[in-house]
Structure formats: C-alpha cells, structure tokens
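Undergrad:
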Amino acid sequence: MTVRTPPTPPFRDPRLPFAKRVDDLLARLTLDEKVSFLHQFAPAVERLGIDAFRTGQEALHGVAWMGPATVFPQAVGLGATWNDELVRRIGEAVSKEVRAMRARDERVGLNVWAPTVNLLRHPLWGRNEEGYSEDPGLTSAIATAYTRGLRGDHPTYWRTAPVLKHWLAHNNETHRDTTSSSVRPRVLHEYDLRAFRDAVRAGAVAGVMPAYNLVNGRPNHVSPHLGEHLRTWTDQDLLVCSDAGAPSNLVDSEHYFATHEEATAAALLAGVDSFTDHGTDPAKTVARLRAALDQGLLTEADVDTAVRRQVSVRFRLGEFDPEHDPYAATTGEFDTPEHRALAQEAAEQAVVLLKNDGLLPLAPGTRIAVVGLLADECKLDWYSGTLLHRCTPLEGLYERFGAERVDFAEGVDRVRLRTGSGAWLHVPPAGEADEPVRGAEGALDPALLAGRTDLPPLTTDPTGTELALTDWGDGVLTLRAPDGRYLSVADDGYVRASADQPGGWVVQETFRLEPHGQPHENRHLLRHIGTGRHVCVAADGVKVAGEDGPDPEVFELVVAERGEEAVARAAAGADVVLVVAGNDPHIGGRETEDRTTLRLPGHQERLLSAARAANPNTALVLVSAYPYAVDPEPLRAMLWTAHGGQAAGTALARVLAGDVSPAGRLPQTWYANDSDLPGLLDYDIIGSRQTYLYFEGTPLFPFGHGLSYASFAYDGLTARADGETVRVSCTVTNTGDVTADEVVQLYLRAVNPSVPRPRRELAAHRRITLAPGGSLEPVFEVPLSAFEFWDVAQGRRRLEPGPYELLVGASSEDIRLRTTLTLDGEPGAPRPVRERGLEAADFDEQSGIEIVDRTRTSGDAVTAATGRTGELVYRSCDFREGVREVAAELSGAGVAEISLDGGPVLAVLTPAPATPRPDPYGYTTVRAEFTAEGVHDVRLELRGPLRLARVGFSG
126 MTVRTPPTPP FRDPRLPFAK RVDDLLARLT LDEKVSFLHQ FAPAVERLGI DAFRTGQEAL
186 HGVAWMGPAT VFPQAVGLGA TWNDELVRRI GEAVSKEVRA MRARDERVGL NVWAPTVNLL
246 RHPLWGRNEE GYSEDPGLTS AIATAYTRGL RGDHPTYWRT APVLKHWLAH NNETHRDTTS
306 SSVRPRVLHE YDLRAFRDAV RAGAVAGVMP AYNLVNGRPN HVSPHLGEHL RTWTDQDLLV
366 CSDAGAPSNL VDSEHYFATH EEATAAALLA GVDSFTDHGT DPAKTVARLR AALDQGLLTE
426 ADVDTAVRRQ VSVRFRLGEF DPEHDPYAAT TGEFDTPEHR ALAQEAAEQA VVLLKNDGLL
486 PLAPGTRIAV VGLLADECKL DWYSGTLLHR CTPLEGLYER FGAERVDFAE GVDRVRLRTG
546 SGAWLHVPPA GEADEPVRGA EGALDPALLA GRTDLPPLTT DPTGTELALT DWGDGVLTLR
606 APDGRYLSVA DDGYVRASAD QPGGWVVQET FRLEPHGQPH ENRHLLRHIG TGRHVCVAAD
666 GVKVAGEDGP DPEVFELVVA ERGEEAVARA AAGADVVLVV AGNDPHIGGR ETEDRTTLRL
726 PGHQERLLSA ARAANPNTAL VLVSAYPYAV DPEPLRAMLW TAHGGQAAGT ALARVLAGDV
786 SPAGRLPQTW YANDSDLPGL LDYDIIGSRQ TYLYFEGTPL FPFGHGLSYA SFAYDGLTAR
846 ADGETVRVSC TVTNTGDVTA DEVVQLYLRA VNPSVPRPRR ELAAHRRITL APGGSLEPVF
906 EVPLSAFEFW DVAQGRRRLE PGPYELLVGA SSEDIRLRTT LTLDGEPGAP RPVRERGLEA
966 ADFDEQSGIE IVDRTRTSGD AVTAATGRTG ELVYRSCDFR EGVREVAAEL SGAGVAEISL
1026 DGGPVLAVLT PAPATPRPDP YGYTTVRAEF TAEGVHDVRL ELRGPLRLAR VGFSG
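Taking my numbering, the leading residue of the sequence shown gets 126, the next gets one more, and so forth.
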C-alpha cells in the first residue's frame, strides 16, 4: 500500500511569492479565525499548524521588560551621537538579542515597537528621553538607521519587524488621551509627517503605532492620514498597531463615538490592524468586531485587509519558513563581548561637552570630589531592560583614577521622623526575602514591581532610623533606608523599605511632606503620592491611611545633616569637583507626566551652589533625559549625557580623563528660561517660533552644539546643482593634538522667502574621525526636495526659485563656511480664490485659532480657541476677475467677519439660530454680499463656538 504525503498547502510553499501565499492563507481561515487575529494576542490555529502570535515587543534602546539584556543609552542619547552607522549597529545588536531571547522564551515578540520618532518639539514633554531630536531630518536619519539594524540585511526575511511610535504630533503627557494637537498644513507636511515619511520610504519599517492624542480634533486611531499619507510611501503592507487601551478611549475618555462597535469599526476602516486593548484577553475586542460585522459597520473584506497586513509581517519574519529563515538559528547573540563594547562605544559617543575653559581633560594625578544625587547611580527608565552590567559615574572614576584619588558625597539630606507620641520611625532589618517579583513565566514584569510584601513593614521605636531624603523637585521626595532600599508601598498598603529603585507604571516610592500647624513647629503630614493617601502609624506597622484606619500621623522632621554640608566638605579637599546632577527617569518627567520647568530641582541647586562656594574648580555633569536651564557662567566645565545604560560610568570617566575626545552634539535646543518656551499644547512651531528652526531668542546652548578636546578648521566649500540634487563639499582638518571626532553639519536657508521659512534647517550631517593634522572632504548629496516648502495656496510642495544659502559648521550657530546658490523653481502666484475658494485650515497666519475635525472621517475646519477671538490671514488672494458674493461653510454658533488688507469689515457671516446643542458637523452654507477686485490679503475673525470649513467667492 502506498502512503501518500499530503500536498504542501501553497501558503507553506517558499517558492511562491509572499502575496500568493497570503492569499492562500486568507482563503483557508474562517471569519472567526480572522477576527481573532485582530487582537494583539492572536491565538493559534491548530488545524493549519499556525502558532499564536502577539504584536509588540519593546526595544527602544535594548530589549525591554523581558529580563536581563544589553542596555544601550536612552534614545535621546543615541540622537546625541549624530552617528547613523553606530545606531544601525545598535539596532542590529538589539535584534539579535530579541531573536536569542525568543529562542529561550516564546513570549518575546519579533514585532518590535521601536523606535519612537516623535519630534522633541518641547523640552518639557515627559517622554523627551524616547525621541531622537527636535529636527525631522536628524530624527528620520537616526530612526532609519535603527530600523535597518532591527530589520537585518536579508533581501527576503526580517530579523525583527520594527513599528514606529507614535503617529502623530504627540508631544504632551498632560491629558494625552483627550487633548488635540492643532497642526496647520505646513507644520504637518514639513515637520511632523517628515520624520515618519523618510524612515518608511527607506524600506525597513513594518508599521506604525498611533498615539493617544487627537490631531485637529480627531483621534489618531481614526486618522485619515494613515491612508492618505502613510500607506502611499511604500508598496509594502504596513501593520498599524494600536496603543494600549486606545481603542476603548475612543468611547470611554474621548467620547468621539457613541458605541464601541462604531469606534472599533472606524479604527479598522481608518487603517488600524491590531487592537492592543484589555491586556491578554481578546474577548471584548472580538465581541466588538463581531457586533460591528453584524451591524453592517464592517464587511469581511475589511477584516481581510487588516489580517493581510498582519500575516504579511509574519511571513517576512520567517514564521512559515523556519528552514529558510536565516535568523531562525540566532540563539547565542546575547550579552556578547561585541555588544558590551558597543554599549560602551555608544555611551562614549553620546557625551556632549557643553563648556570647557581648560579644566578638562583631567590630569592623571587629579584629586577628584564626585558629588551629587546621580554620582553613584545607573538609572533605568520605563523602556529599559534589566541590567546585566552596571557602572555608575563614581565606579567609573574609581576604576579610571583610583579610589584613593576620588572622594564621594551623595548630597542627600539625612533625616529622622518623630511621631506625635515621641517615637521614631524605624526600618526593621530586611531578613530573608524572595527574589525580585517576576511574572508567571519567569520574566521581570514591570506591572508587578510596585512593591514587595515579603519584607516587614516599618514600625516605631525609641531611637528610629536615619533616612536619606531626596527632593526631586516640586516637593516630590524619596526616602531611603541605610541598606539602600527605598521606602515603598505595596498593594496591602504597608510602608516597607523594599525597592531597589523607584519604578513601576505608578511609582510607589515617592512621598510629599505637607506642613501641618505653625511653620516653627516643623510638623508635617507625609503623603504617599502613588495612592494619594497619608501615612499613619498602626499597631501592626506603618501604612497608608484607609477609610476605616487610624488618622494620618503628624511627623516632626529632624535633620541630622543637610546634603550641601557633606558636599562642601568633599569639595574643599579636592583639586576638581564634579557635580553629577539630573533626573530619575521615573520621577518628575516621564510617560504620563510632563515637566513643569527647565530648572534643576532646588535640592540639586543647593548642592551645586555648595560645591562652587567650596571650590572654584567645579564642573557640572548633567545625566538626564532632557535639557535643563543652568547658568554655565560660574562653572569651569559642563557636560551632558542621557542616561547611558550599562556602560555609562565607564564612558563618562574615559571622556573626563581624555581617553576619548567628546563629540556628542545636542539633538535639541537648550533654552535659557521657561519664558522662552511656548505653551506645551502649542504645536504651531511656525507661528510661535519654536525649535531651532524658528526660535529668534538666544538659546542657552544651540541645536547641534558640542565641544571637543581638539580643534577643527573648515575650508574649500563648494556647492552646485546637479540634476535633482545639490552637491556640497568642504575640507575639514584636525588642527588639534589629539585624535577626535567632528560632526560636520550642513544647513540651508531660503534667502528671500515669500512665506516664513526656517532661520536655517539641517540638510545633512556626518560624524568623522580625524587624527591630528588629518583632513577629510565630506560630500553631501542634498535632494532638491529638501529646499521645498508646503504651499498652502496650491495644496502641495513647491520649490521656490531664488537664492539659497548653504551653511557648514559645527552647530546651528557655529557656522564656519557659507555660500549662496540660486535655484530654479516654480514661481508663486496669487491664490485663485474664484476657482478654488479658501480651505479654512490653509491659512498663512493665525492667532487664537484651533484646527478641528471637519467630519469624523476626514477634513479640517477651524474655530476660535475658547475665550478668544480667532484671526486668520490668507495672503495674496486673486480677485482680479471681480467677485460679488462670499459663501462660507459654517456650523455651530458665532460670527465670522471678513475684511481685506486689514481694512473695514466687508461681510458678516452668521449661521441660522442653532438648537441648544448644535451639531458640530452640521454645516450650512451662509452667503453675503462681498465686492472685491485685484489681489488682496483676506482676513477673517471668528468669535464664539463656530466652525469654519471653507470660504468660496463668486462673481
């Protein structure tokens, strides 16, 4: 008897193109199976031999949340390297570790949610650490490099599948799921879309994740730009993964749709293919999708479209061809010597020397005092992996200079807390404790790191325990026991010294002292910020007060030593003082929490002042996820680095010693004062003159700034237009006496623009290494499209003819060479308003305006900001054929007035009396007499809750 082998189904046949294999697989799946694929955790289909699959593996600067992994510098630190090739190699290393960890733990996903390409428009954004730069060109270059490394270089199969975060114009954590970013067309096309566009066009991106916020009044999860822009940039199927909980937000917090069935259908139709909602439980998402199908809101063809994009990614990852997948055998690329060396190289390249009057590099015999709250810390952030190796600045200096030449003072306040009964707060010995909390399958679980219950809670006794108190700003405190454990509150409400570091989605290690009684009494309530409750003393231990528990305790704060006293002692006996200051990435500026100021927290300002007073040879080393406003004038030197991962201390010590010449460059503007900043929700970078592109003030340190231990000469600048590109070159020579890197930066500027253009805009960059006396001639090929702007009158990009200045230098303000090149282009013309009318959002200037959604599915309208009169200007409108009537599409209630060139009001437009709750999308056409001839600027004033979608003119 002959046994026949069942034929291989076409979707398993590697000889066929992916498109045909996807078609075959879709045809074999039932509708229920396809619907089940739309949740983040897609189940297995055993009858077809298909494994379960989940979208989403965090890998921003190393593999996160899955246990020990190589930890590279934060993303903003990678941006500070200005080194595309280095970042590509880091992406490659991270993807190899993903594959290696996947071989040991099937919960590690190959669809990685990284990198974050949101632009660092505003330095108070809590997630500043996650982005690369405020410049779209630098951001897209670094993002492209990282995704190329993550993807791998095989022509068919991908090592991992990167998803860019977070689409679109997302730069605030304050009310992030309900606020709307008002983004005018020029900012949308020239700024926010660009960072995504260039990376997607490079071909190494598997998809994007929409952000929580709304853009122009419409949630990003139903953004028409997903179809109108994103999916036109590539022929590949792109996977759009929702952010966690965002599909439910469409109804629950945003109230954009009345039912979850409507919302789910709208998101799917807009382009969302994978719903990250309700954790690992797909039941609600599947039920909503089935109901949407039953109600006719979706068709099976709509489901097929989304499933096709998902399984296309799975085919590229080699899931169905394990014997042909070149990355399937990647099991050992984990914590290798190469990865450890790469982490150190990245940390070294990320260090930015902001100021140096000759103090650095430090001589070998220098006696160093290293002081400050970050001096002996190696901080992780929410998207870090678990450290395999660790080196703090103090440890790095010990290793490089010798412990006998390094003195240390952390600078915490040493305090005790006395209760109203006279007893003192006491930390019991830790005793035997379990290992750190882990998830069910062994991986570290950030959601479970809020507290430990295997340790005894705090008590009181006659002597008490001296605690290390740190004020991280705005009165947010941490308290640490002598053994290094932070006071924390677990789910049972008891206060324990149980945490290695502050952390968790809701940080349980922060407190606030609230004055109680008269100031001279020094009495305080102690509020636990994570729960919002006060600390009380009960018979069975110290805990946070419940509804039926003891009253809040009133504590007396007794200070044994101020931090600045210890700092002053250490500083006085040293040749050089290094004050290491900055932030804890889980406190006072992080995901879910924006910063309130650029200033250093008061505690750290005290330490810096004490060090300077005790020793004039003081340098400030900022280790932070974002810029600060610190006066550099009294300082001998000043450096900045992002939290640098596992090799941060080694890297910093090598730079301070001169083993490495610093060559990091600022990826964003450092402003001198809070007053230089616009409102956090002001996304109009043109109108409010934001970022180095438009800022007209004097920055503390400009975009692209960074000093070196060498010096560099620039000469021989040439520029010529060659077809569709401009070729620019110059010669750079190391005129110093040490080998060093220089970051050559090329900027462009329109000399006589017809509309506001950037003061200068980064066109290209290159990090080069030169030995003393060595020269190199970097050549830049700049596409003509880089000189274009978005012409709102034409609704497209346009190259304006005329002179353009090309500037080459060491920063956006340190320009060494310049030349002017005249380019041909398309001349501008007045707006043909009789033929095209005016789309309301296509204004040239505005004040007091918000852009809102014209309908729930597409288009923009404008309205006056609450409590303000909105003003709009449309330049050079062509009325030369003459008009006699104006017609405006309006909804809501209010008044629109139209005038020309700042003259008298020529027409008043008011919609018919509205119902008490008018439909914001119920537009009516309101007409009025309006006479105009010639070319004029049209001015519109809007008052009241009125939406204007369009204005038309007729003869």
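Note that CB positions come from ideal geometry on N, CA and C, so glycine has one too.
If you compare alpha carbons, which of Q435, D506, M226 and D278 is closest to V147?
TA: For V147, the nearest C-alpha among the options comes from Q435.
Undergrad: Between the Cα of V614 and those of G600, V632 and A200, spot the shortest distance and give me the residue it belongs to.
TA: V614 has its Cα closest to that of V632, out of G600, V632 and A200.
Undergrad: Using C-beta distances below 7 Å, list every residue in its chain close to T595, excluding the 5 sequence neighbours before and after it, in chain order.
TA: So the qualifying residues of the chain are L498, V537, L602, T603 and H728.
Undergrad: Between Q420 and the rest of its own chain, which residues show a CB-CB distance below 7 Å, the 5 nearest in sequence each way excluded?
TA: Excluding residues within five positions, the ones whose Cβ falls inside 7 Å are E386.
Undergrad: Do you know how far the Cα of Y611 is from the Cα of L88?
TA: Outside the modelled stretch of the chain, which goes from 126 to 1080, sits residue 88, for which no answer is possible.
Undergrad: According to DSSP, is H291 part of a helix, a strand, or is it coil?
TA: Three-state result, H291: strand.
Undergrad: Is the region 202-218 in contact with the region 464-480, if contact means three or more CB pairs nearer than 8 Å?
TA: Cβ pair count under 8 Å is three or more, so yes.
Undergrad: Considering V333, what are the terminal residues of the beta strand (DSSP E) in which it resides?
TA: Start and end: G332 to P335.
Undergrad: Whole angstroms is fine: what's the gap from P957's alpha carbon to A431's?
TA: Roughly 41 Å separates the two Cα atoms.
Undergrad: What does DSSP give as the partner residue(s) for F112 in the beta ladder?
TA: Examination of residue 112 is not possible in this model, given that the chain is present from 126 through 1080 alone.
Undergrad: Could you tell me how far apart the beta carbons of G714 and G1007 are, in whole angstroms, since I believe they sit closer than 8 Å?
TA: That pair is no contact at about 57 Å.
Undergrad: For K90, does the three-state DSSP call read helix, strand or coil?
TA: Here the chain covers residues 126 to 1080 and nothing more, so residue 90 does not appear.
Undergrad: Can you grab the Cα-Cα spacing for the pair E681 / V701, in whole Å?
TA: C-alpha separation (whole angstroms): 37 Å.
Undergrad: Which residues in the same chain as E557 place their Cβ atom closer than 6 Å to its Cβ, once the five residues preceding and following it in sequence are excluded?
TA: Its pLDDT being 45, under 50, E557 is placed unreliably by the model, and nothing is read from it.
Undergrad: Just to confirm, is the Cβ distance from R179 to F162 under 8 Å?
TA: No, they are not a contact pair.
Undergrad: Which residue wins for smallest C-alpha separation from V325, given the options E849, L760, V365 and P878?
TA: The shortest Cα separation from V325 among E849, L760, V365 and P878 belongs to V365.
Undergrad: Would you call the CB atoms of V347 and A392 closer than 8 Å?
TA: For V347 and A392, yes; Cβs fall inside 8 Å.
Undergrad: With distances taken Cα to Cα, identify the nearest neighbour of G770 among D157, C516 and A454.
TA: With distances taken between Cα atoms, G770 lies closest to C516.
Undergrad: What would DSSP say about V347, mapped onto helix, strand or coil?
TA: Three-state DSSP puts V347 in a helix.
Undergrad: Sorted by chain position, which residues of the same chain lie with C-beta nearer than 8 Å to E379's C-beta, five sequence neighbours on each side aside?
TA: Closer than 8 Å at Cβ, skipping near neighbours: D302, T303, L339 and P344.
Undergrad: For Y999, report the span of its beta strand (DSSP E) as first-last.
TA: Counting along the chain, the beta strand (DSSP E) containing Y999 begins and ends at G995 to D1003.
Undergrad: Which residue from Q361, G598, L871 and E996 puts its Cα closest to that of G636?
TA: The question names Gly, yet the displayed sequence has Phe at residue 636. Answer by Cα proximity: G598.
Undergrad: Using the beta-carbon count (16 or more within 10 Å), is G1027 buried or exposed?
TA: With fewer than 16 other Cβ atoms within 10 Å, it is exposed.
Undergrad: Going by Cα to Cα distance, which pick from Y1046, R1042, E1014 and E996 is closest to V1030?
TA: That would be E996, whose Cα lies nearest to the Cα of V1030.
Undergrad: Where do the ends of the beta strand (DSSP E) carrying A1074 lie?
TA: Here the beta strand (DSSP E) through A1074 covers L1071 to S1079.
Undergrad: Taking D985 as the reference, which of A239, L151 and V308 has the closest Cα?
TA: The option with the nearest alpha carbon to D985 is V308.
Undergrad: Under a Cβ-count criterion, where at least 16 other Cβ atoms within 10 Å of its own Cβ denotes burial, should W630 be classed as buried or exposed?
TA: W630 is exposed by the Cβ-count criterion.
Undergrad: As a quick exercise: from R232, V692, P677 and F197, pick the residue whose alpha carbon is nearest that of P168.
TA: With distances taken between Cα atoms, P168 lies closest to R232.
Undergrad: DSSP state of D1062, grouped into three classes?
TA: Note: D1062 maps to strand in three-state DSSP.
Undergrad: Report yes if the CB atom of P824 is closer than 8 Å to the CB atom of Y796, and no otherwise.
TA: Result yes, Cβ atoms of P824 and Y796 sit closer than 8 Å.
Undergrad: Starting from I1081, trace the alpha helix (DSSP H) in both directions and tell me its first and last residue.
TA: The first residue shown for the chain is 126 and the last is 1080, placing residue 1081 beyond what the model contains.
Undergrad: Give the secondary structure of E960 by DSSP, where H, G and I count as helix, E and B as strand, and everything else as coil.
TA: Residue state, collapsed to three classes: helix.
Undergrad: Return the CA-CA distance between Y523 and A327, expressed in angstroms with no decimal places.
TA: Going by the C-alpha atoms only, they are around 44 Å apart.
Undergrad: Can you name the residues that DSSP bridges to R891?
TA: Paired residue(s): V869.
Undergrad: Residue range of the alpha helix (DSSP H) that A468 falls in?
TA: Note, A468: alpha helix (DSSP H), P462 to Q474.
Undergrad: Rank R1042, L1015, R1005 and G1019 by C-alpha distance to the C-alpha of T1056 and give the top, closest one.
TA: Closest by alpha carbon: R1005.
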